[in-house]
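Heads up, the thing below is written out as C-alpha coordinates.
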Amino acid sequence: MTPLQKLEHRIWQASTPTVWEKVLRVLIAVLRIINRSQIKLFATSLTYGSLLAIVPLLAVLFTLLKSFGIDTFLQKILMEMLAPMGDSGKEVGQYLLQFVNNAQTGLLGGVGMLFLFYSIFTLFRKIEVALNQIWHIHQLRSSKKQLISYLGALMLTVLVGALVIAGNVFFYQKLVQPEGEGNAIIVSLLMWGKRLLSVILTASVLAVVYSSVINTQVRFRAAFSGGLFCALLWLPLTAGFTALIAGSHNYSLIYSSFAGMIILLLWLDILWLLFLSGGLVAYFSQYPALLRAYNSKQLNPAEQEYFANRLLHIIIEHFEQGKGVVKLSQLINCTGLNRQQVLNLLAPFLSNKVIVSVGESHTYLLAMDRQKISDEFICQTIRGQVRGVSHDSMPEHLDNSEDLTYTGRQPE
(Lines of atoms letter the chains of each structure in order from A; the text may use other names.)
(Lines give C-alpha, C1' and ligand atoms only; values in the text may rest on other atoms or scores of the structure.)
Protein backbone atom coordinates (compact mmCIF):
# COMPACT_ATOMS: atom_id res chain seq x y z
CA MET A 1 0.00 0.00 0.00
CA THR A 2 1.03 3.58 -0.60
CA PRO A 3 1.69 5.83 2.41
CA LEU A 4 -1.63 7.58 1.78
CA GLN A 5 -3.51 4.26 1.72
CA LYS A 6 -1.77 3.18 4.93
CA LEU A 7 -2.80 6.43 6.61
CA GLU A 8 -6.40 6.00 5.46
CA HIS A 9 -6.42 2.38 6.66
CA ARG A 10 -5.13 3.49 10.05
CA ILE A 11 -7.78 6.20 10.32
CA TRP A 12 -10.68 3.86 9.56
CA GLN A 13 -9.50 0.83 11.52
CA ALA A 14 -8.64 2.64 14.77
CA SER A 15 -10.71 1.07 17.57
CA THR A 16 -10.57 4.23 19.71
CA PRO A 17 -10.05 7.09 17.23
CA THR A 18 -8.73 10.41 18.44
CA VAL A 19 -10.54 13.68 17.80
CA TRP A 20 -8.41 14.42 14.74
CA GLU A 21 -8.97 10.91 13.37
CA LYS A 22 -12.73 11.43 13.76
CA VAL A 23 -12.47 14.74 11.90
CA LEU A 24 -10.47 13.08 9.12
CA ARG A 25 -13.07 10.31 8.90
CA VAL A 26 -15.79 12.90 8.37
CA LEU A 27 -13.78 14.74 5.71
CA ILE A 28 -12.92 11.53 3.85
CA ALA A 29 -16.54 10.36 3.99
CA VAL A 30 -17.81 13.73 2.72
CA LEU A 31 -15.34 13.77 -0.19
CA ARG A 32 -16.21 10.20 -1.16
CA ILE A 33 -19.94 10.87 -1.12
CA ILE A 34 -19.52 14.05 -3.18
CA ASN A 35 -17.59 12.11 -5.82
CA ARG A 36 -19.92 9.08 -5.90
CA SER A 37 -23.38 10.54 -5.33
CA GLN A 38 -25.68 13.08 -6.97
CA ILE A 39 -24.80 15.91 -4.60
CA LYS A 40 -23.09 17.84 -7.40
CA LEU A 41 -26.26 17.56 -9.48
CA PHE A 42 -28.31 18.89 -6.56
CA ALA A 43 -25.87 21.80 -6.21
CA THR A 44 -26.25 22.59 -9.92
CA SER A 45 -30.05 22.45 -9.63
CA LEU A 46 -29.96 24.83 -6.67
CA THR A 47 -27.64 27.15 -8.58
CA TYR A 48 -30.14 27.64 -11.39
CA GLY A 49 -33.01 27.81 -8.91
CA SER A 50 -31.15 30.64 -7.18
CA LEU A 51 -31.20 32.74 -10.34
CA LEU A 52 -34.98 32.96 -10.07
CA ALA A 53 -35.24 33.22 -6.28
CA ILE A 54 -32.31 35.45 -5.33
CA VAL A 55 -34.05 38.75 -6.19
CA PRO A 56 -37.34 38.11 -4.33
CA LEU A 57 -35.44 36.55 -1.42
CA LEU A 58 -33.21 39.61 -1.10
CA ALA A 59 -36.27 41.85 -1.43
CA VAL A 60 -37.93 40.08 1.50
CA LEU A 61 -34.73 40.25 3.57
CA PHE A 62 -34.24 43.96 2.83
CA THR A 63 -37.85 44.68 3.77
CA LEU A 64 -37.56 42.79 7.07
CA LEU A 65 -34.18 44.27 7.98
CA LYS A 66 -35.32 47.78 7.10
CA SER A 67 -37.60 47.63 10.14
CA PHE A 68 -34.42 47.20 12.23
CA GLY A 69 -32.73 50.06 10.37
CA ILE A 70 -29.85 47.84 9.26
CA ASP A 71 -30.72 47.13 5.62
CA THR A 72 -27.60 49.01 4.46
CA PHE A 73 -25.41 46.49 6.25
CA LEU A 74 -27.07 43.69 4.26
CA GLN A 75 -25.85 45.44 1.13
CA LYS A 76 -22.31 45.29 2.50
CA ILE A 77 -22.69 41.58 3.29
CA LEU A 78 -24.00 40.94 -0.23
CA MET A 79 -21.04 42.73 -1.77
CA GLU A 80 -18.64 40.82 0.50
CA MET A 81 -20.16 37.52 -0.63
CA LEU A 82 -19.67 38.54 -4.27
CA ALA A 83 -16.19 39.98 -3.65
CA PRO A 84 -14.36 36.75 -4.66
CA MET A 85 -15.75 37.28 -8.19
CA GLY A 86 -13.61 40.40 -8.57
CA ASP A 87 -14.91 43.21 -10.78
CA SER A 88 -17.68 40.93 -12.03
CA GLY A 89 -18.92 40.64 -8.44
CA LYS A 90 -19.35 44.41 -8.17
CA GLU A 91 -21.25 44.47 -11.46
CA VAL A 92 -23.53 41.59 -10.45
CA GLY A 93 -24.10 43.18 -7.02
CA GLN A 94 -25.20 46.48 -8.57
CA TYR A 95 -27.63 44.70 -10.89
CA LEU A 96 -29.06 42.67 -7.99
CA LEU A 97 -29.60 45.76 -5.86
CA GLN A 98 -31.31 47.48 -8.79
CA PHE A 99 -33.61 44.48 -9.31
CA VAL A 100 -34.36 44.33 -5.59
CA ASN A 101 -35.27 48.01 -5.57
CA ASN A 102 -37.63 47.46 -8.50
CA ALA A 103 -39.27 44.55 -6.68
CA GLN A 104 -39.69 46.61 -3.51
CA THR A 105 -41.29 49.55 -5.33
CA GLY A 106 -43.96 47.30 -6.84
CA LEU A 107 -42.98 47.70 -10.50
CA LEU A 108 -43.61 44.01 -11.15
CA GLY A 109 -47.32 44.01 -10.38
CA GLY A 110 -49.35 41.47 -8.44
CA VAL A 111 -48.76 38.53 -10.79
CA GLY A 112 -45.04 39.22 -10.90
CA MET A 113 -44.75 39.35 -7.11
CA LEU A 114 -46.76 36.13 -6.83
CA PHE A 115 -44.34 34.44 -9.21
CA LEU A 116 -41.34 35.71 -7.25
CA PHE A 117 -42.70 34.38 -3.95
CA TYR A 118 -43.45 31.08 -5.66
CA SER A 119 -39.81 30.95 -6.79
CA ILE A 120 -38.70 31.37 -3.15
CA PHE A 121 -40.94 28.47 -2.10
CA THR A 122 -39.61 26.35 -4.97
CA LEU A 123 -36.01 27.07 -3.96
CA PHE A 124 -36.66 26.06 -0.35
CA ARG A 125 -38.39 22.91 -1.59
CA LYS A 126 -35.35 22.04 -3.71
CA ILE A 127 -33.16 22.56 -0.65
CA GLU A 128 -35.39 20.21 1.35
CA VAL A 129 -35.31 17.55 -1.37
CA ALA A 130 -31.51 17.74 -1.62
CA LEU A 131 -30.94 17.56 2.15
CA ASN A 132 -33.52 14.78 2.54
CA GLN A 133 -31.69 12.73 -0.09
CA ILE A 134 -28.42 13.27 1.76
CA TRP A 135 -30.12 12.09 4.97
CA HIS A 136 -31.76 9.15 3.15
CA ILE A 137 -35.25 10.52 3.78
CA HIS A 138 -37.66 9.80 0.93
CA GLN A 139 -40.83 11.40 2.32
CA LEU A 140 -41.66 15.09 1.92
CA ARG A 141 -43.90 17.05 4.25
CA SER A 142 -47.24 18.48 3.22
CA SER A 143 -47.25 21.87 1.50
CA LYS A 144 -48.75 23.48 4.61
CA LYS A 145 -45.99 22.16 6.88
CA GLN A 146 -43.37 23.12 4.31
CA LEU A 147 -44.66 26.69 4.12
CA ILE A 148 -44.69 27.06 7.92
CA SER A 149 -41.21 25.56 8.19
CA TYR A 150 -39.79 27.76 5.44
CA LEU A 151 -41.28 30.93 6.92
CA GLY A 152 -39.93 29.98 10.34
CA ALA A 153 -36.47 29.34 8.92
CA LEU A 154 -36.57 32.65 7.04
CA MET A 155 -37.61 34.65 10.12
CA LEU A 156 -35.01 32.96 12.34
CA THR A 157 -32.37 33.55 9.68
CA VAL A 158 -33.26 37.25 9.58
CA LEU A 159 -33.15 37.44 13.38
CA VAL A 160 -29.74 35.77 13.66
CA GLY A 161 -28.51 37.78 10.68
CA ALA A 162 -29.54 40.96 12.48
CA LEU A 163 -27.54 39.78 15.49
CA VAL A 164 -24.52 39.19 13.24
CA ILE A 165 -24.76 42.70 11.82
CA ALA A 166 -25.38 44.26 15.24
CA GLY A 167 -22.39 42.38 16.66
CA ASN A 168 -20.13 43.64 13.88
CA VAL A 169 -21.33 47.21 14.40
CA PHE A 170 -20.79 46.95 18.16
CA PHE A 171 -17.26 45.59 17.77
CA TYR A 172 -16.30 48.25 15.27
CA GLN A 173 -17.90 51.34 16.80
CA LYS A 174 -17.61 50.57 20.53
CA LEU A 175 -14.38 48.59 20.73
CA VAL A 176 -12.22 48.82 17.61
CA GLN A 177 -12.55 52.56 16.85
CA PRO A 178 -11.82 53.73 20.44
CA GLU A 179 -8.72 51.52 20.48
CA GLY A 180 -7.66 52.49 16.95
CA GLU A 181 -4.98 54.84 18.19
CA GLY A 182 -4.04 52.68 21.14
CA ASN A 183 -2.43 49.28 21.52
CA ALA A 184 -2.22 47.42 18.19
CA ILE A 185 -2.30 44.07 20.01
CA ILE A 186 -5.66 44.89 21.59
CA VAL A 187 -7.05 45.96 18.22
CA SER A 188 -5.81 42.71 16.67
CA LEU A 189 -7.42 40.65 19.44
CA LEU A 190 -10.69 42.55 19.00
CA MET A 191 -10.68 41.89 15.26
CA TRP A 192 -10.09 38.18 15.89
CA GLY A 193 -12.95 38.25 18.37
CA LYS A 194 -15.15 39.85 15.72
CA ARG A 195 -14.26 37.11 13.23
CA LEU A 196 -14.94 34.42 15.82
CA LEU A 197 -18.33 35.91 16.62
CA SER A 198 -19.17 36.09 12.91
CA VAL A 199 -18.22 32.42 12.45
CA ILE A 200 -20.36 31.32 15.41
CA LEU A 201 -23.40 33.33 14.33
CA THR A 202 -23.04 32.24 10.69
CA ALA A 203 -22.89 28.63 11.84
CA SER A 204 -26.02 29.30 13.90
CA VAL A 205 -27.87 30.65 10.84
CA LEU A 206 -27.01 27.54 8.83
CA ALA A 207 -27.92 25.32 11.79
CA VAL A 208 -31.39 26.90 11.83
CA VAL A 209 -31.79 26.10 8.12
CA TYR A 210 -30.62 22.49 8.54
CA SER A 211 -32.89 21.96 11.55
CA SER A 212 -35.96 23.50 9.91
CA VAL A 213 -35.76 22.14 6.38
CA ILE A 214 -34.77 18.48 6.85
CA ASN A 215 -37.84 16.27 7.34
CA THR A 216 -36.67 14.63 10.55
CA GLN A 217 -35.68 15.68 14.05
CA VAL A 218 -32.19 17.15 13.70
CA ARG A 219 -30.32 17.77 16.93
CA PHE A 220 -29.07 21.35 17.09
CA ARG A 221 -25.58 20.16 18.00
CA ALA A 222 -25.41 18.16 14.77
CA ALA A 223 -26.87 21.01 12.72
CA PHE A 224 -24.41 23.45 14.29
CA SER A 225 -21.52 21.12 13.37
CA GLY A 226 -22.58 21.31 9.73
CA GLY A 227 -22.93 25.09 9.93
CA LEU A 228 -19.53 25.42 11.59
CA PHE A 229 -17.98 23.31 8.83
CA CYS A 230 -19.32 25.74 6.22
CA ALA A 231 -18.34 28.84 8.19
CA LEU A 232 -14.76 27.65 8.71
CA LEU A 233 -14.30 26.70 5.05
CA TRP A 234 -15.72 30.01 3.86
CA LEU A 235 -12.51 32.03 4.25
CA PRO A 236 -10.08 29.64 2.50
CA LEU A 237 -12.70 28.95 -0.18
CA THR A 238 -13.20 32.64 -0.95
CA ALA A 239 -9.45 33.24 -0.96
CA GLY A 240 -8.90 30.37 -3.40
CA PHE A 241 -11.71 31.44 -5.73
CA THR A 242 -10.50 35.05 -5.67
CA ALA A 243 -7.00 33.94 -6.65
CA LEU A 244 -8.45 31.75 -9.42
CA ILE A 245 -10.52 34.57 -10.90
CA ALA A 246 -7.67 37.07 -10.57
CA GLY A 247 -5.42 34.75 -12.58
CA SER A 248 -8.03 34.04 -15.28
CA HIS A 249 -8.32 37.16 -17.41
CA ASN A 250 -9.46 35.13 -20.42
CA TYR A 251 -13.02 35.01 -19.10
CA SER A 252 -13.62 38.65 -20.02
CA LEU A 253 -11.94 38.22 -23.40
CA ILE A 254 -13.96 35.14 -24.34
CA TYR A 255 -17.37 35.87 -22.83
CA SER A 256 -17.27 39.70 -22.94
CA SER A 257 -20.28 41.11 -21.06
CA PHE A 258 -21.48 37.59 -20.16
CA ALA A 259 -18.36 36.93 -18.08
CA GLY A 260 -20.06 38.17 -14.90
CA MET A 261 -22.92 35.70 -15.31
CA ILE A 262 -20.56 32.77 -15.98
CA ILE A 263 -18.49 33.59 -12.89
CA LEU A 264 -21.67 34.03 -10.83
CA LEU A 265 -22.85 30.54 -11.84
CA LEU A 266 -19.50 29.03 -10.88
CA TRP A 267 -19.47 30.81 -7.52
CA LEU A 268 -23.07 29.87 -6.68
CA ASP A 269 -22.38 26.25 -7.59
CA ILE A 270 -19.40 26.19 -5.21
CA LEU A 271 -21.43 27.79 -2.41
CA TRP A 272 -24.31 25.32 -2.78
CA LEU A 273 -21.87 22.42 -2.83
CA LEU A 274 -20.38 23.76 0.41
CA PHE A 275 -23.87 24.09 1.91
CA LEU A 276 -24.82 20.50 1.01
CA SER A 277 -21.47 19.27 2.34
CA GLY A 278 -22.40 20.92 5.63
CA GLY A 279 -25.60 18.87 5.54
CA LEU A 280 -23.46 15.74 5.21
CA VAL A 281 -21.33 16.78 8.19
CA ALA A 282 -24.51 17.32 10.22
CA TYR A 283 -25.69 13.84 9.16
CA PHE A 284 -22.48 12.19 10.35
CA SER A 285 -22.54 14.24 13.56
CA GLN A 286 -26.04 13.01 14.38
CA TYR A 287 -25.20 9.41 13.43
CA PRO A 288 -21.53 8.93 14.38
CA ALA A 289 -21.87 5.15 14.06
CA LEU A 290 -22.00 5.63 10.28
CA LEU A 291 -18.28 6.36 10.32
CA ARG A 292 -17.39 2.84 11.41
CA ALA A 293 -15.57 0.86 8.77
CA TYR A 294 -17.93 -2.10 8.40
CA ASN A 295 -21.30 -0.43 8.12
CA SER A 296 -21.04 0.34 4.38
CA LYS A 297 -21.03 -3.30 3.26
CA GLN A 298 -24.01 -5.52 2.53
CA LEU A 299 -25.24 -7.51 5.52
CA ASN A 300 -25.16 -11.27 5.09
CA PRO A 301 -28.09 -13.44 6.36
CA ALA A 302 -26.38 -14.20 9.67
CA GLU A 303 -25.71 -10.50 10.29
CA GLN A 304 -29.30 -9.67 9.38
CA GLU A 305 -30.61 -12.09 12.01
CA TYR A 306 -28.13 -10.84 14.62
CA PHE A 307 -28.91 -7.15 14.13
CA ALA A 308 -32.66 -7.76 13.81
CA ASN A 309 -32.55 -9.54 17.17
CA ARG A 310 -30.62 -6.65 18.68
CA LEU A 311 -33.00 -4.03 17.27
CA LEU A 312 -36.08 -5.82 18.60
CA HIS A 313 -34.56 -6.25 22.05
CA ILE A 314 -33.74 -2.53 22.20
CA ILE A 315 -37.37 -1.69 21.38
CA ILE A 316 -38.63 -4.29 23.87
CA GLU A 317 -36.34 -2.95 26.61
CA HIS A 318 -37.64 0.59 26.09
CA PHE A 319 -41.22 -0.66 26.25
CA GLU A 320 -40.71 -2.70 29.44
CA GLN A 321 -38.89 0.14 31.20
CA GLY A 322 -41.70 2.56 30.38
CA LYS A 323 -39.48 4.76 28.20
CA GLY A 324 -42.00 4.74 25.38
CA VAL A 325 -40.93 5.07 21.77
CA VAL A 326 -37.43 4.48 20.40
CA LYS A 327 -35.94 6.97 17.95
CA LEU A 328 -34.27 5.84 14.75
CA SER A 329 -31.12 7.71 15.77
CA GLN A 330 -30.92 5.61 18.96
CA LEU A 331 -31.17 2.38 16.97
CA ILE A 332 -28.46 3.55 14.57
CA ASN A 333 -26.07 4.55 17.35
CA CYS A 334 -26.68 1.36 19.35
CA THR A 335 -26.09 -1.00 16.41
CA GLY A 336 -23.54 0.91 14.35
CA LEU A 337 -25.57 0.35 11.17
CA ASN A 338 -26.48 3.08 8.73
CA ARG A 339 -29.96 4.50 8.36
CA GLN A 340 -31.00 2.43 5.34
CA GLN A 341 -29.78 -0.83 6.88
CA VAL A 342 -31.85 -0.23 10.02
CA LEU A 343 -34.94 0.69 7.99
CA ASN A 344 -34.57 -2.45 5.87
CA LEU A 345 -34.30 -4.65 8.98
CA LEU A 346 -37.34 -3.03 10.61
CA ALA A 347 -39.51 -3.30 7.48
CA PRO A 348 -40.74 -6.92 7.99
CA PHE A 349 -41.54 -6.24 11.65
CA LEU A 350 -43.54 -3.15 10.66
CA SER A 351 -45.46 -4.97 7.94
CA ASN A 352 -46.32 -7.82 10.36
CA LYS A 353 -47.39 -5.40 13.13
CA VAL A 354 -44.70 -6.57 15.52
CA ILE A 355 -43.77 -2.91 15.96
CA VAL A 356 -45.45 0.29 14.79
CA SER A 357 -44.07 3.61 13.59
CA VAL A 358 -45.35 6.57 15.60
CA GLY A 359 -45.69 9.93 13.86
CA GLU A 360 -43.54 11.14 10.98
CA SER A 361 -40.20 11.32 12.80
CA HIS A 362 -39.26 7.60 12.63
CA THR A 363 -39.99 6.56 16.21
CA TYR A 364 -41.01 3.00 17.01
CA LEU A 365 -43.12 1.26 19.63
CA LEU A 366 -43.70 -2.40 20.47
CA ALA A 367 -47.04 -3.60 19.07
CA MET A 368 -47.02 -7.30 20.04
CA ASP A 369 -47.12 -9.21 23.31
CA ARG A 370 -43.56 -9.54 24.60
CA GLN A 371 -44.08 -13.20 25.53
CA LYS A 372 -44.77 -14.07 21.88
CA ILE A 373 -41.48 -12.60 20.64
CA SER A 374 -38.77 -15.25 20.84
CA ASP A 375 -35.39 -15.27 19.15
CA GLU A 376 -36.72 -17.93 16.79
CA PHE A 377 -39.70 -15.72 15.90
CA ILE A 378 -37.37 -12.78 15.16
CA CYS A 379 -35.18 -14.92 12.90
CA GLN A 380 -38.18 -16.33 11.04
CA THR A 381 -39.59 -12.82 10.55
CA ILE A 382 -36.36 -11.51 9.05
CA ARG A 383 -36.25 -14.59 6.77
CA GLY A 384 -39.73 -13.79 5.49
CA GLN A 385 -41.35 -16.86 7.07
CA VAL A 386 -43.87 -14.89 9.16
CA ARG A 387 -47.17 -13.93 7.56
CA GLY A 388 -48.45 -12.11 10.63
CA VAL A 389 -49.48 -12.49 14.27
CA SER A 390 -52.79 -13.24 15.89
CA HIS A 391 -55.06 -10.56 17.33
CA ASP A 392 -54.61 -11.76 20.92
CA SER A 393 -50.84 -11.29 20.61
CA MET A 394 -51.23 -7.54 20.53
CA PRO A 395 -50.73 -5.50 23.72
CA GLU A 396 -53.78 -3.82 25.22
CA HIS A 397 -52.66 -0.36 24.09
CA LEU A 398 -52.76 -1.56 20.45
CA ASP A 399 -55.60 -4.08 20.63
CA ASN A 400 -57.55 -2.41 17.83
CA SER A 401 -55.15 -3.48 15.07
CA GLU A 402 -56.16 -5.84 12.28
CA ASP A 403 -56.17 -9.65 12.64
CA LEU A 404 -52.97 -11.46 11.69
CA THR A 405 -51.74 -15.03 11.94
CA TYR A 406 -48.30 -16.51 12.54
CA THR A 407 -47.47 -19.52 10.36
CA GLY A 408 -44.73 -20.94 12.55
CA ARG A 409 -43.21 -22.58 9.47
CA GLN A 410 -39.71 -23.97 10.03
CA PRO A 411 -36.78 -23.11 7.72
CA GLU A 412 -36.67 -25.22 4.61
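One point on numbering: in our numbering, the residue at position 195 of the sequence shown is 195, and numbering is uninterrupted. The C-beta atom is built at its ideal place from N, Cα and C for all residues, glycine as well. Please read all numbers here as calculations on a predicted model, not as lab measurements.
- If you check the CB distance, ALA282 and GLY226 come in under 8 Å.
- Relative to ILE120, the option among GLY86, LEU52 and VAL356 whose CA is nearest is LEU52.
- Ranked by Cα distance from PHE42, the options THR18, THR16 and PHE275 are led by PHE275.
- Here SER204 is buried, its C-beta having at least 16 other C-beta atoms within 10 Å.
- ILE137 is the residue among ILE137, LEU123, ASP369 and GLY336 whose C-alpha sits nearest the C-alpha of THR216.
- Contact between the region 315-330 and the region 353-372 is established, with three or more Cβ pairs separated by less than 8 Å.
- The beta-carbon separation of VAL213 and LEU271, rounded to 16 Å, does not stay under the 8 Å limit for a contact.
- Contact annotation: VAL208 and THR157 have beta-carbon atoms nearer than 8 Å.
- Ranking ASN35, LEU197, TYR210 and SER37 by CA distance to the CA of ALA153 puts TYR210 first.
- For ILE39, the closest of GLN385, VAL26, GLY278 and LEU197 by C-alpha to C-alpha distance is GLY278.
- From the listed residues LEU343, PHE319, GLY359 and LEU350, the smallest Cα separation to ARG370 is found for PHE319.
- When the Cα atoms are used, GLY240 and ARG310 turn out to be separated by approximately 48 Å.
- With a cutoff of 8 Å on beta-carbon distance, MET81 and ILE263 are scored as not near each other.
- Taken in chain order, the complete alpha helix (DSSP H) segments of 4 residues or longer contained in the region 108-162 are 109-134.
- When VAL160, ARG125, GLN133 and ARG195 are compared, the shortest CA-CA separation from LYS144 is found for ARG125.
- Straight-line measurement puts the Cα of VAL342 at about 14 Å from the Cα of ILE355.
- In the DSSP assignment, ILE28 falls within the unbroken alpha helix (DSSP H) covering 19-36.
- In the displayed model, SER357 falls within a strand according to three-state DSSP.
- Residues of the same chain with a CB within less than 6 Å of the CB of PHE229, apart from the 5 flanking positions on each side, are GLY278 and VAL281 in chain order.
- Bridge partners of TYR364 according to DSSP: VAL326 and SER357.
- The alpha-carbon of LEU97 is positioned some 24 Å away from that of THR44.
- ILE28 has its alpha-carbon roughly 15 Å from the corresponding atom of THR18.
- Closest in alpha carbon position to ALA289, among ASN333, LEU159 and ALA83, is ASN333.
- Ranked by Cα distance from PRO56, the options ASN101, THR16 and LEU78 are led by ASN101.
- The C-beta of PHE377 has 16 or more other C-beta atoms within 10 Å across all chains shown, which makes the residue buried.
- For ALA302, the uninterrupted alpha helix (DSSP H) run begins and ends at 301-320, by DSSP.
- With fewer than 16 other Cβ atoms from the protein chains shown falling within 10 Å of its own Cβ, TYR48 counts as exposed.
- Leaving aside the five residues that flank PHE117 on each side, the residues in its chain whose CB is nearer than 7 Å to its CB run, in chain order, PRO56.
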